[in-house]
Amino acid sequence: MGLDAFAAACCAIPVLASLLAVRFAYVLCRSGLPPTRPRAAGLRCLIVLGSGGHTAEMMNIITELQKDRFTPRYYVAALTDSMSLQKAQVYEKSLIQGEGEKIIKNAQFMQIYRSREVGQSYITSIATTLLAVLHALWLIIRIRPQVIFCNGPGTCIPLCASAFLLKVLGLGWSSIFYIESIARVKKLSLSGLLLYKLRISDQFFVQWTQLQQKYPRAQYAGRLM
Amino acid sequence: MGDRERRVVFVTVGTTCFDALVKAVDSEEVKQALLRKGYTDLLIQMGRGTYVPSKDSGKLNLQVDHFTFSPSIADYIREASLVISHAGSGSIFETLRLGKPLIVVVNEDLMDNHQSELAEELAERNHLFCSRPQTLQETVEAMDLDALQPYMPGEAKPVVALINKFLGFPV
Numbered sequence: 001m002g003l004d005a006f007a008a009a010c011c012a013i014p015v016l017a018s019l020l021a022v023r024f025a026y027v028l029c030r031s032g033l034p035p036t037r038p039r040a041a042g043l044r045c046l047i048v049l050g051s052g053g054h055t056a057e058m059m060n061i062i063t064e065l066q067k068d069r070f071t072p073r074y075y076v077a078a079l080t081d082s083m084s085l086q087k088a089q090v091y092e093k094s095l096i097q098g099e100g101e102k103i104i105k106n107a108q109f110m111q112i113y114r115s116r117e118v119g120q121s122y123i124t125s126i127a128t129t130l131l132a133v134l135h136a137l138w139l140i141i142r143i144r145p146q147v148i149f150c151n152g153p154g155t156c157i158p159l160c161a162s163a164f165l166l167k168v169l170g171l172g173w174s175s176i177f178y179i180e181s182i183a184r185v186k187k188l189s190l191s192g193l194l195l196y197k198l199r200i201s202d203q204f205f206v207q208w209t210q211l212q213q214k215y216p217r218a219q220y221a222g223r224l225m
Numbered sequence: 001m002g003d004r005e006r007r008v009v010f011v012t013v014g015t016t017c018f019d020a021l022v023k024a025v026d027s028e029e030v031k032q033a034l035l036r037k038g039y040t041d042l043l044i045q046m047g048r049g050t051y052v053p054s055k056d057s058g059k060l061n062l063q064v065d066h067f068t069f070s071p072s073i074a075d076y077i078r079e080a081s082l083v084i085s086h087a088g089s090g091s092i093f094e095t096l097r098l099g100k101p102l103i104v105v106v107n108e109d110l111m112d113n114h115q116s117e118l119a120e121e122l123a124e125r126n127h128l129f130c131s132r133p134q135t136l137q138e139t140v141e142a143m144d145l146d147a148l149q150p151y152m153p154g155e156a157k158p159v160v161a162l163i164n165k166f167l168g169f170p171v
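So this is what it looks like as structure tokens:
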């Protein structure tokens, strides 16, 4: 019996692995291509906020979005950054005044563990990184976003990677939009570089033409600020 | 003398700690350079820094004051005739949007010093002056405010249009 199970596992594991590899390749090719069917309105959005300038740029995008298409909206910021969520809350509240009760239900605000705080030692950051990754995966499974907006803070990496994993496993499909911060003129940020090189983002925007020339798969569509 | 026009220099470090900048503007040389340029007041927002500038202007005729944080930095910028700021994009674009002359001082102590990229690019386009704490005096003396070009604020519409198109929404 034990041998049979072992033999079965020996056969099943390569089959599963190759299936996963095929699926992985499919997801990589499919990313960056528009959806085949035209969209019905109401896409669950995950909006990753970062401190200071990042949030200001992101809120400029959110303000422009057609709210009936991009709804509900889940705002996520680092646990140590309550300012950014406050700004998003102020904005979402300003929407209700015009539209009544309906819209505030369409916005949720949550916080996420950061993998590493400034100045934290590298040894403890292994544990905190693991915690941050698990937390990100949990949030992605709970929210199942269809659209993800991010523009640079490190917290977007575990979130985007988790969303990509869900795509590979066939548990959900999300379009990931990355808009590199206006502060990056000559070089991408680490988050941007990772998402670009690993082809995790579906659409990658930069805000300076000289960056677009360096990274040809990126798009330039003007500046947000 | 009392009713002469006030010309305020507003120094802001945002939420950062940037003692090198506060020390630089607090130095006799920079204060003198500002006076020679016709400024009358120096107001310093010092953030999380620990260096406290002296309120006593000594022999100089420059009124100096400071505070740590304020929720309404924009009001101070609006009142100012010149803004000296750290290189954070928030402070930079807030000042440019309000159309105030701006000297951005890059913090060289930051580990990942990508912030100088933005300041240098905007300085090349003549939207602001870019400086370092140790060269601030020269920048103040050499600056020509008439050479500055107004910054046209960007907008998110084109990016959002592309996002909509990608998702298959009619634009």
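Chains A and B, in that order, are what the protein sequence lines are. Be aware that the first sequence starts at 1, since it is given in UniProt numbering, and climbs by one per residue. Be aware that the second sequence starts at 1, since it is given in UniProt numbering, and climbs by one per residue. For every residue, glycine included, the Cβ atom is placed at its ideal position computed from N, Cα and C. Just so we're clear, the structure is a prediction, and the values are computed from it rather than from any experiment.
Once you ignore the five residues that flank residue i on each side, which residues in its own chain have a CB closer than 6 Å to its CB?
i              : result
glycine 32/A   : Asp202
threonine 40/B : Arg6 and Arg7
alanine 20/B   : Pro133
serine 189/A   : Gly152
Please classify residue i: is it buried, with 16 or more other beta-carbons within 10 angstroms of its beta-carbon, or exposed?
i               : result
serine 72/B     : exposed
leucine 167/B   : buried
proline 14/A    : exposed
threonine 135/B : exposed
aspartate 26/B  : buried
isoleucine 92/B : buried
methionine 46/B : buried
tyrosine 75/A   : buried
threonine 12/B  : buried
alanine 12/A    : exposed
lysine 61/B     : The amino acid at residue 61/B is misidentified as lysine; the sequence shows asparagine. Asparagine 61/B is exposed by the Cβ-count criterion.
alanine 147/B   : exposed
Helix or strand or just coil, what does DSSP make of residue i?
i                  : result
methionine 1/B     : Because methionine 1/B sits at a pLDDT of 47, beneath the cut-off of 50, its placement in the model cannot be relied upon, and the point is left open.
histidine 127/B    : coil
valine 171/B       : coil
histidine 135/A    : helix
isoleucine 143/A   : helix
tyrosine 122/A     : helix
aspartate 146/B    : helix
isoleucine 182/A   : coil
phenylalanine 24/A : helix
valine 52/B        : coil
arginine 36/B      : helix
tyrosine 91/A      : helix
serine 116/B       : helix
arginine 69/A      : coil
Is the distance from the Cβ of residue i to the Cβ of residue j below 7 Å?
i                   : j               : result
phenylalanine 205/A : isoleucine 47/A : no
serine 181/A        : glycine 154/A   : no
alanine 41/A        : aspartate 68/A  : yes
leucine 195/A       : tyrosine 220/A  : no
alanine 56/A        : leucine 118/B   : no
arginine 73/A       : alanine 127/A   : no
alanine 78/A        : arginine 114/A  : yes
glutamine 137/B     : valine 30/B     : yes
cysteine 17/B       : glycine 38/B    : no
threonine 139/B     : isoleucine 84/B : no
valine 64/B         : leucine 96/B    : no
proline 145/A       : arginine 44/A   : yes
Please list the terminal residues of the continuous beta strand (DSSP E) segment that includes residue i.
i                   : result
arginine 12/B       : Looking at the sequence itself, residue 12/B is threonine, so the reference to arginine does not match. Threonine 12/B -> beta strand (DSSP E) spans 8 to 12.
valine 160/B        : From DSSP, valine 160/B is part of no beta strand (DSSP E) but of the alpha helix (DSSP H) over 157 to 166.
phenylalanine 93/B  : It is not in any beta strand (DSSP E) - phenylalanine 93/B instead sits in the alpha helix (DSSP H) that spans 89 to 97.
cysteine 45/A       : 45 to 48
valine 104/B        : 102 to 105
aspartate 75/B      : First-last for aspartate 75/B: 73 to 79, but that is the alpha helix (DSSP H), not the beta strand (DSSP E).
cysteine 150/A      : 147 to 150
tyrosine 178/A      : 175 to 179
methionine 110/A    : 107 to 112
histidine 66/B      : 63 to 67
aspartate 81/A      : From DSSP, aspartate 81/A is part of no beta strand (DSSP E); its letter is neither H nor E.
aspartate 41/B      : 41 to 45
phenylalanine 205/A : 203 to 206
leucine 60/B        : No beta strand (DSSP E) contains leucine 60/B, which DSSP labels as neither H nor E.
isoleucine 200/A    : Here isoleucine 200/A belongs to no beta strand (DSSP E), and DSSP marks it neither H nor E.
serine 70/B         : First-last for serine 70/B: undefined, no H or E at that position.
serine 85/B         : 82 to 85
Once you ignore the five residues that flank residue i on each side, which residues in its own chain have a CB closer than 7 Å to its CB?
i              : result
methionine 1/B : Residue confidence is low: methionine 1/B scores 47 on pLDDT, short of 50, so the model does not pin down where it sits. Its coordinate-derived value is still stated next. Result list for methionine 1/B: empty, nothing under 7 Å.
glycine 90/B   : Gly14
serine 162/A   : Ala136, Leu137 and Ile140
lysine 87/A    : Thr55 and Met59
Quick check on the DSSP output: the alpha helix (DSSP H) that includes residue i runs from which residue to which?
i                   : result
alanine 56/A        : 53 to 64
phenylalanine 164/A : 156 to 168
alanine 24/B        : 19 to 26
glutamine 212/A     : 209 to 214
valine 140/B        : 136 to 142
tyrosine 196/A      : 190 to 197
For residue i, which residues from the same chain have a beta carbon less than 8 Å from its beta carbon, with the 5 sequence-adjacent residues on both sides left out?
i            : result
leucine 98/B : Ala74, Ile77 and Arg78
At a cut-off of 6 Å, would you count residue i as near the ligand FAD, judging by its Cβ distance to the nearest heavy atom?
i                : result
isoleucine 182/A : In terms of ligand content, the structure shown is empty, and the ligand FAD therefore cannot be addressed.
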